[in-house]
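Peer 1: Residue numbers (numbering that gives the first Met the number 0): 0 to 126.
For each residue, glycine too, the CB sits at the ideal point set by N, CA and C.
All of these numbers come straight from a predicted model, not from anything done at the bench.
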Amino acid sequence: MELVTLAHITLNRIGSANSSGFGFGGQRERKFTAEVPDSTIATLQQIVVEIAEANGELSGALHNLREERNGYPAGLVVFNVQGISTQYSTPYAVCQAFPALKIAGRYFQLEEVETKGSTFFRQDAED
Numbered sequence: 000m001e002l003v004t005l006a007h008i009t010l011n012r013i014g015s016a017n018s019s020g021f022g023f024g025g026q027r028e029r030k031f032t033a034e035v036p037d038s039t040i041a042t043l044q045q046i047v048v049e050i051a052e053a054n055g056e057l058s059g060a061l062h063n064l065r066e067e068r069n070g071y072p073a074g075l076v077v078f079n080v081q082g083i084s085t086q087y088s089t090p091y092a093v094c095q096a097f098p099a100l101k102i103a104g105r106y107f108q109l110e111e112v113e114t115k116g117s118t119f120f121r122q123d124a125e126d
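(1) Assuming V76 contacts L43 (C-beta within less than 8 Å), just tell me the rounded distance between them.
(2) Please report whether the beta-carbon of V35 lies at a distance below 8 Å from any beta-carbon of chain C.
(3) Going by beta carbon distance, what residues of the same chain come within less than 6 Å of K30, once the five residues before and after it are set aside?
(4) Indicate the three-state DSSP secondary structure (helix, strand or coil) for A6 in the structure shown.
(5) State the start and end residues of the unbroken alpha helix (DSSP H) segment that holds A53.
(6) Residues in the same chain with beta-carbon distance under 7 Å from G55, minus the five sequence neighbours each way, listed in chain order, please.
(7) I'd like to check one pair, A92 with N17: are the Cβ atoms closer than 8 Å?
(8) Any heavy atom of the ligand ADP within a distance shorter than 7 Å of the CB on V76?
(9) Report the rounded CA-to-CA distance for T118 versus A41, giving the unit in angstroms.
(10) I'd like the span of the beta strand (DSSP E) that includes F120, first residue to last.
(11) How big is the Cα-Cα spacing for A53 and G59?
(12) Hey, could you find the ends of the beta strand (DSSP E) E28 is sitting in?
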């Protein structure tokens, strides 16, 4: 059993950065899950670029990929890149990173147990 960080990543428009901002040809959406070293913005941005390039985006095409902070639910990290003459309404990538237990190649999402408002009882506690 190992504690890891997983990231669910949705790439909404793979191929859009290749088109130099002209038109919408060749775009596609794909979802990925990756084990990442941490949940920092830099790490998530790096894995987005790696996955996009491994799936057809030209190397270096995402050099202007930036985090967008406004208008998205808490817990999501959103990255976007716009074309030279095209403005997309859908962000390039949406990520959600979270701790998980890795057991025998399977992953189990962890969720904090709410204890606020209750007294935590431990039989071995010394008063």
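Peer 2: So, from the data block:
(1) Translated into positions along the sequence shown, residue 76 becomes position 77. Translated into positions along the sequence shown, residue 43 becomes position 44. About 5 Å separates the two Cβ atoms, so the contact holds.
(2) No chain C appears in this structure, which consists of one protein chain only.
(3) Counted from its first residue, the sequence shown places residue 30 at position 31. If we look at K30 and ignore the five residues flanking it on each side, its Cβ neighbours are T9.
(4) Within the sequence shown, the letter at position 7 stands for residue 6. A6 falls in the strand class under three-state DSSP.
(5) Counted from its first residue, the sequence shown places residue 53 at position 54. It spans I40 to A53 - the alpha helix (DSSP H) in which A53 sits, taken as one unbroken run.
(6) Position 56 of the sequence shown, counted from the start, is the residue given in the question as residue 55. Excluding sequence neighbours, G55 sits near I13 and G14.
(7) The residue given as residue 17 occupies position 18 in the sequence shown. The residue given as residue 92 occupies position 93 in the sequence shown. No.
(8) Among the ligands in the structure shown, none appear at all, so the ligand ADP cannot be discussed.
(9) Position 119 of the sequence shown holds residue 118. Position 42 of the sequence shown holds residue 41. So the two alpha carbons sit approximately 39 Å from each other.
(10) Sequence index remark: in the sequence shown, residue 120 carries index 121 (1-based). Looking at the DSSP string, F120 is not in any beta strand (DSSP E), and its letter there is neither H nor E.
(11) As a first step, residue 53 must be located in the sequence shown, where it is residue number 54. As a first step, residue 59 must be located in the sequence shown, where it is residue number 60. Roughly 12 Å separates the two Cα atoms.
(12) Taking the first residue of the sequence shown as position 1, residue 28 is located at position 29. Here the beta strand (DSSP E) through E28 covers R27 to V35.
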